[in-house]
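Under full-length UniProt numbering, think of the first position of the sequence shown as 1, with each following residue one higher.
So the structure is just underneath, and the comments pick up after that.
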Amino acid sequence: MARLVKRILFVLLGSLLSAPYVAVVVWAIALYRFGSVNPLAPLFGTGVAIGLFAVPAALRVTASLERTASDELLGTRLGRDAPRAELGDVLRAALWFGVHLATGFLAAVFLVVLLPATAAVAVDALGGGPGLIPGLLEGVGPGTTAVLLSAGTLASAALLTVVVSQLSRWAAFLLGPSAGQRVALAEREARAAAARNRLARELHDSIGHALTVTTLQAAAARAQLGTDPDAAYAALTAVEETGRRAQGELDAALAVLRDPGGPQASGALAEPPGLAQLDELVATFSAAGLTVHLTADRACRTGALPAGASREAYRMVQEALTNALRHGAEPVAHVWLALDGAWLRVRVTNPSDPGTPVRARPGTPSTGRGLLGLRERVLLRGGSLEAGRSDGTWTVVGALPLGDRGDRMEGGDPW
Numbered sequence: 001m002a003r004l005v006k007r008i009l010f011v012l013l014g015s016l017l018s019a020p021y022v023a024v025v026v027w028a029i030a031l032y033r034f035g036s037v038n039p040l041a042p043l044f045g046t047g048v049a050i051g052l053f054a055v056p057a058a059l060r061v062t063a064s065l066e067r068t069a070s071d072e073l074l075g076t077r078l079g080r081d082a083p084r085a086e087l088g089d090v091l092r093a094a095l096w097f098g099v100h101l102a103t104g105f106l107a108a109v110f111l112v113v114l115l116p117a118t119a120a121v122a123v124d125a126l127g128g129g130p131g132l133i134p135g136l137l138e139g140v141g142p143g144t145t146a147v148l149l150s151a152g153t154l155a156s157a158a159l160l161t162v163v164v165s166q167l168s169r170w171a172a173f174l175l176g177p178s179a180g181q182r183v184a185l186a187e188r189e190a191r192a193a194a195a196r197n198r199l200a201r202e203l204h205d206s207i208g209h210a211l212t213v214t215t216l217q218a219a220a221a222r223a224q225l226g227t228d229p230d231a232a233y234a235a236l237t238a239v240e241e242t243g244r245r246a247q248g249e250l251d252a253a254l255a256v257l258r259d260p261g262g263p264q265a266s267g268a269l270a271e272p273p274g275l276a277q278l279d280e281l282v283a284t285f286s287a288a289g290l291t292v293h294l295t296a297d298r299a300c301r302t303g304a305l306p307a308g309a310s311r312e313a314y315r316m317v318q319e320a321l322t323n324a325l326r327h328g329a330e331p332v333a334h335v336w337l338a339l340d341g342a343w344l345r346v347r348v349t350n351p352s353d354p355g356t357p358v359r360a361r362p363g364t365p366s367t368g369r370g371l372l373g374l375r376e377r378v379l380l381r382g383g384s385l386e387a388g389r390s391d392g393t394w395t396v397v398g399a400l401p402l403g404d405r406g407d408r409m410e411g412g413d414p415w
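Encoded structure:
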């Protein structure tokens, strides 16, 4: 019942929308009477009528409103506007607008003209009316008039029933996306999904690293508070600095979630961490109790590399050191970065107990998603990443292409 009521409301909405257009048609027809006096009058009326019909029907906002009305009242699932509307899409939407107006006009004629006239004729035929039949249709007998009105009313009712029953199907065909628009929508959704995945990996890398460092630093500060206040103070300072950096990175991620295309998001993502911050990263882990031995080419230490490769190398080192701090048999790690032609080579090692599985330190939960997400990002850039244990040493080895190759494969997205 509710579905039928909504369909009736949709048709009545078309009746209201058709009223101004009916007035325009009546006005244009009236101008034909002046054709003998001014031959341009009929042409003018026809041109104005066509323009008043065509312009609103071709507007994008009209199609958007029709989609909303169809979804709400006809039960379709057309959703948001499809991108890149072509001429064929505009014509389909305009045709649907015409169908909506025509259906509403037919319903108005049925309710306002045919149904009351048929009722009056029926009352008159039974002898209880004021005698409307003889004068209703000039030159047509009462019996023929009654038959014609009844037939017209029944035909209109049948036509309305058929049209209303097919409105949802027609709306899906005329207002729904074309094949090209479906492809564009799929591409847009794929880009959005990829952006969400990159954002999730970025949050894991940055916030996960910060939580690991702050947890271990807070534990160290608590253990040293009574015996070595200076060391405890240094650990708490490191917690403060790490938390401040994590807050900034979290704000950047939230800016992207709130408005991916907004200026705040663009500004937040303009300068992601890279190898220029490598010494600062090493200092953070050193303050957390991990001894890091760094060997890197000058270009790697200064960050004078393509932004994409520099960022991914930074995240690679960050993830490897985080895992070394969490799972390492000893608090020591070795980091090598070197340029090899058109490639950036990264290698991080730390002692690992071969007799037991990798284990997290108390208070430092691990989801195991870090290396997987990092490998996905590196592969997207055309690089490689391998990690494993051999002879008591856990090794992470990665290779990243320099130049435009990696940026093209990644699609140029800053995340």
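Ideal Cβ placement from N, Cα and C applies to all residues, glycine included.
- Local conformation of serine 352 per DSSP, three classes: If DSSP states are grouped into helix, strand and coil, serine 352 belongs with coil.
- Name the DSSP bridge partner or partners of threonine 393? Answer is Pro351, Ser390, bridged to threonine 393.
- Message: Just to confirm before moving on: does the CB-CB distance between cysteine 300 and leucine 275 stay below 8 Å?
- Response: At the C-beta level, cysteine 300 and leucine 275 come within 8 Å of one another.
- If you drop the 5 nearest sequence neighbours on each side, which residues of the same chain put their C-beta closer than 6 Å to that of glycine 45? Listed in chain order, the non-local C-beta contacts of glycine 45 below 6 Å within the same chain comprise Ala28, Leu31, local neighbours out to five positions each way being set aside.
- CB contact flag (valine 335, threonine 295, <8 Å): The answer is yes: Cβ separation under 8 Å.
- Taking C-alpha atoms, which residue in Leu149, Thr76, Gln181 lies nearest to alanine 120? Out of Leu149, Thr76, Gln181, Leu149 has the C-alpha closest to the C-alpha of alanine 120.
- Message: Measuring alpha carbon to alpha carbon, tell me which residue in Ser64, Ala309, Asp340, Tyr314 is nearest leucine 174.
- Response: Among Ser64, Ala309, Asp340, Tyr314, the Cα nearest to that of leucine 174 is on Ser64.
- Hey, would you say alanine 235 sits closer than 8 Å to alanine 253, going by beta carbons? Cβ atoms of alanine 235 and alanine 253: not closer than 8 Å.
- Message: Our contact map puts serine 310 next to alanine 329 with C-beta atoms below 8 Å; I'd like the distance itself, whole angstroms only.
- Response: Not a contact, Cβ separation roughly 30 Å.
- Item | Residue span of the alpha helix (DSSP H) that contains aspartate 89, given as start and end | Annotation for aspartate 89: the continuous alpha helix (DSSP H) segment containing it runs 87 to 109.
- Item | Status (buried if at least 16 other CB within 10 Å, exposed otherwise) for alanine 265 | Below a pLDDT of 50, predicted positions are generally treated as unreliable, and alanine 265, at 49, falls in that range; the measurement from the model is reported next regardless. By the neighbour-count rule (16 or more Cβ atoms within 10 Å), alanine 265 is buried.
- Could you name the residues of the same chain whose beta carbon sits closer than 6 Å to that of alanine 399, not counting the 5 residues immediately before and after it, in chain order? So the qualifying residues of the chain are Trp343, Arg345, Gly383, Ser384.
- Query: Since leucine 114 and glycine 152 are thought to touch, with beta carbons under 8 Å apart, how far apart are those beta carbons, to the nearest angstrom?
  - Reply: Leucine 114 to glycine 152, Cβ: 6 Å. Contact.
- Query: Which residues in the same chain have their Cβ closer than 6 Å to the Cβ of leucine 52, if we skip the five residues on either side of it in sequence?
  - Reply: Once the five neighbours on either side are set aside, the close Cβ partners of leucine 52 are Val24.
- Message: For leucine 380 and methionine 1, I'd like the C-alpha separation in whole angstroms.
- Response: Taking the straight line joining both Cα atoms gives about 53 Å.
- Message: Quick check on glutamine 247: buried or exposed, where buried means 16 or more other Cβ atoms within 10 Å of its Cβ?
- Response: In summary, glutamine 247 is exposed, with fewer than 16 beta-carbon neighbours lying within 10 Å of its beta-carbon over all protein chains present.
- Under the three-state reduction of DSSP, which class applies to glycine 398: helix, strand or coil? DSSP places glycine 398 in the strand class (E or B) of the three-state scheme.
- Task: Could you check if glutamate 86 is buried or exposed, using at least 16 other CB atoms within 10 Å of its CB as the buried criterion?
- Result: With fewer than 16 other Cβ atoms within 10 Å, it is exposed.
- Task: Could you spell out the range, first to last residue, of the alpha helix (DSSP H) harbouring threonine 62?
- Result: Residue range 60 to 69 is occupied by the alpha helix (DSSP H) that includes threonine 62.
- Under a three-way DSSP split, which group does threonine 76 fall into? Residue state for threonine 76 is assigned as coil, using DSSP reduced to three classes.
- Runs of alpha helix (DSSP H) wholly within the region 148 to 205 (minimum 4 residues, chain order): Within the region 148 to 205, no alpha helix (DSSP H) run of at least 4 residues lies entirely inside it.
- Query: Closest to residue 417 by CA distance: which of Ala41, Val123, Ala200, Val213 is it?
  - Reply: Because the chain is modelled from 1 through 415, residue 417 falls outside the range shown and cannot be assessed.
- Count the other CB atoms within 10 Å of the CB of valine 11; is the residue buried (16 or more) or exposed (fewer)? Buried, since its Cβ has 16 or more Cβ neighbours within 10 Å.
- Opening and closing residue of the alpha helix (DSSP H) in which valine 113 lies: Premise fails: valine 113 is in no alpha helix (DSSP H) and is neither H nor E.
- Under the three-state reduction of DSSP, which class applies to valine 335: helix, strand or coil? The three-state reading of DSSP puts valine 335 in strand, counting E and B together.
- Item | Run of the alpha helix (DSSP H) containing alanine 231, from where it starts to where it stops | DSSP places alanine 231 in the uninterrupted alpha helix (DSSP H) bounded by 229 to 258.
- Item | Candidates Val163, Thr76, Ser178, Gln318, of which the one nearest glutamate 202 by Cα | Considering only alpha carbons, the answer is Gln318.
- Message: Just to confirm my understanding: we take threonine 212, look at its own chain, exclude 5 residues before and 5 after, and list those with CB closer than 7 Å. What are they?
- Response: Around threonine 212: Thr322, Leu325, Arg326, Thr364.
- Exposed or buried, proline 306, counting other C-beta atoms within 10 Å across all chains shown (16 or more means buried)? Proline 306 comes out buried.
- For asparagine 38, count neighbouring Cβ atoms within 10 angstroms of its own Cβ and tell me buried if that reaches 16, exposed if not. Of the other Cβ atoms in all chains shown, fewer than 16 fall within 10 Å of the Cβ of asparagine 38; this residue is therefore exposed.
- Message: Using the Cβ count rule (16 or more neighbours within 10 Å means buried), how would you classify tyrosine 233?
- Response: Exposed, because fewer than 16 other Cβ atoms sit within 10 Å of the Cβ of tyrosine 233.
- Message: Using a Cβ-Cβ cutoff of less than 7 Å, which residues in the same chain neighbour alanine 41 once the five nearest sequence positions on both sides are dropped?
- Response: Counting only Cβ-Cβ distances below 7 Å, and skipping sequence neighbours, we find Leu31, Phe34, Gly35.
- Just the C-alpha distance for alanine 155 and leucine 16, rounded to the nearest angstrom, thanks. So the alpha carbons of these two residues sit roughly 22 Å apart.
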